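>
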């Protein structure tokens with residue numbers, strides 16, 4: 001009936017849902033500001049330290065085994081970020097901190113998704129993520145509102161629909177597999193970000209960005225390889 005159809009509104013662990021949703025909102029906000037001051041490829045390469053952080057924290061937070069080889073991959077992930085950011089060079093400046101903040105908050109978001117998967121369904125988790133962002137942004141919109149053209153409204157609709165679908169599928173994925181196993185698959189977004197940045201914004205990635213992105217992605221893919229090998233060995 002009606003009560004059952006609205007059951008996704010009731011969370012068993014609302015506190016964890018709010019932490020997760022707040023982390024996602026913070027990550028999105030930081031990344032939005034970052035890409036207004038940095039190339040899309042640079043910001044994406046740095047923020048993709050998140051899956052490596054998930055691997056590092058999954059042992060402490062989730063009790064998943066993280067061996068020395070995966071810790072080595074974590075170290076190389078940080079090295080990749082340093083290659084892109086080049087601290088002290090003045091190329092990216094303090095703006096590079098924003099995608100780093102995004103990475104940290106995304107790691108919290110991914111871990112929270114894993115923790116609450118046995119508490120609430122994917123629909124409930126997706127609803128809370130959307131509700132927190134909608135509530136906060138609705139409160140500030142009147143102070144920053146600008147009229148949009150029909151074309152801009154269309155782009156907003158496409159972006160919102162794609163984001164909602166992608167978020168729901170990500171939640172479903174974390175509900176069915178270990179966080180450290182799934183995280184590296186998100187690295188395809190690094191390549192996509194560089195391509196879209198080039199096609200839409202004419203952002204030509206530097207050699208440093210490409211090399212750093214390869215190191216960060218390689219560290220994450222190695223984690224996936226180790227996970228797959230361990231699974232085959234124990235099956």
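Residue numbers (our numbering): 1 to 235. Where a beta carbon is used, it is the ideal one built from N, C-alpha and C, also for glycine. Everything numeric in this text was worked out from a predicted model, so none of it was measured.
What are the start and end residues of each continuous alpha helix (DSSP H) run of 4 or more residues lying completely inside the segment 97 to 152, in chain order?
Listed in chain order, they are 97 to 115, 122 to 144.
> Any idea if residue 69 is buried or exposed, counting beta-carbon neighbours within 10 angstroms, 16 or more meaning buried?
One-based indexing of the chain shown puts residue 69 at position 69. Exposed is the call here.
> So is residue 229 buried or exposed if we call it buried at 16+ other beta carbons inside 10 Å?
Residue 229 sits at position 229 when you count from the first residue of the chain shown. Exposed.
> Assess, as a yes-or-no matter, whether the segment 18 to 34 is touched by the segment 128 to 141 under the definition of 3 or more beta carbon pairs within less than 8 angstroms.
Yes, since at least three Cβ pairs between the segment 128 to 141 and the segment 18 to 34 fall closer than 8 angstroms, the two stretches touch.
> Count the other CB atoms within 10 Å of the CB of residue 109; is the residue buried (16 or more) or exposed (fewer)?
Counting from one through the chain shown, the residue named residue 109 turns up at place 109. By the neighbour-count rule (16 or more Cβ atoms within 10 Å), residue 109 is buried.
> Would you identify the three-state DSSP class for residue 207, choosing helix, strand or coil?
In the chain shown, the residue the question calls residue 207 occupies position 207. It is helical.
> Taking C-alpha atoms, which residue in 45, 141, 166, 218 lies nearest to residue 96?
Along the chain shown, read from residue 1 onward, the residue named residue 96 stands at position 96. Answer by Cα proximity: 45.
> Mind checking whether residue 10 and residue 125 have CB atoms under 9 angstroms apart?
Residue numbering aside, residue 10 sits at position 10 when the chain shown is read from its first letter. Residue numbering aside, residue 125 sits at position 125 when the chain shown is read from its first letter. Not closer than 9 angstroms, so no.
> Under the three-state reduction of DSSP, which class applies to residue 48: helix, strand or coil?
What you label residue 48 is simply residue 48 of the chain shown in a count that begins at 1. Coil, per DSSP.
> Residues in its own chain within less than 8 angstroms of residue 136 by CB, not counting five upstream and five downstream?
Within the chain shown, residue 136 is the residue found at index 136, counting from 1. Counting only Cβ-Cβ distances below 8 angstroms, and skipping sequence neighbours, we find 25.
> Is it the case that the segment 217 to 224 contacts the segment 71 to 80, given that we only count it when at least three CB pairs across the two stretches are under 8 angstroms?
Counting Cβ pairs under 8 angstroms, three or more are found: they touch.
> Determine the direct distance from the alpha carbon of residue 169 to that of residue 206, and round the result to whole angstroms.
Within the chain shown, residue 206 is the residue found at index 206, counting from 1. Within the chain shown, residue 169 is the residue found at index 169, counting from 1. Distance between the alpha carbons of residue 206 and residue 169 is about 32 angstroms.
> Using DSSP with H/G/I as helix, E/B as strand and the rest coil, what is residue 28?
For the purposes of this step, residue 28 is taken as residue 28 along the chain shown, with counting starting at 1. Reduced to three states, the DSSP call for residue 28 is helix.
> Smallest Cα separation from residue 54: which of 223, 234, 231?
In the chain shown, counting from the first residue as 1, residue 54 sits at position 54. The shortest Cα separation from residue 54 among 223, 234, 231 belongs to 223.
> Counting along the chain, where does the alpha helix (DSSP H) carrying residue 81 start and finish?
Reading the chain shown from its first residue, position 81 is the one you call residue 81. Looking at the DSSP string, the run of the alpha helix (DSSP H) that includes residue 81 is 68 to 85.
> Taking Cβ positions, are residue 43 and residue 99 nearer each other than 9 angstroms?
Here residue 43 is taken as the residue at index 43 of the chain shown, counted from 1. Here residue 99 is taken as the residue at index 99 of the chain shown, counted from 1. Yes, the pair counts as a contact, with Cβ atoms nearer than the cut-off.
> Rounded to the nearest angstrom, how far is the Cβ of residue 193 from that of residue 57, given a contact under 8 angstroms?
Counted from its first residue, the chain shown places residue 193 at position 193. Counted from its first residue, the chain shown places residue 57 at position 57. Not really, about 24 angstroms apart at Cβ, beyond 8 angstroms.
> Using only the alpha-carbon positions, how far apart do residue 152 and residue 114 sit?
Here residue 152 refers to the residue found at position 152 of the chain shown. Here residue 114 refers to the residue found at position 114 of the chain shown. One C-alpha to the other measures close to 35 angstroms.
> Alpha carbon to alpha carbon, what distance is there between residue 198 and residue 204?
On the chain shown, residue 204 is found 204 positions in, with the first residue counted as 1. On the chain shown, residue 198 is found 198 positions in, with the first residue counted as 1. Rounded to whole angstroms, residue 204 to residue 198 spans 6 angstroms at the Cα level.
> Tell me whether the beta-carbon of residue 84 lies closer than 9 angstroms to the beta-carbon of residue 176.
Working through the chain shown from its first residue, we reach residue 84 at position 84. Working through the chain shown from its first residue, we reach residue 176 at position 176. No, Cβ-Cβ distance for residue 84 and residue 176 is not below 9 angstroms.
> Using DSSP with H/G/I as helix, E/B as strand and the rest coil, what is residue 200?
Numbered from its first residue, the chain shown carries residue 200 at position 200. Helix, per DSSP.
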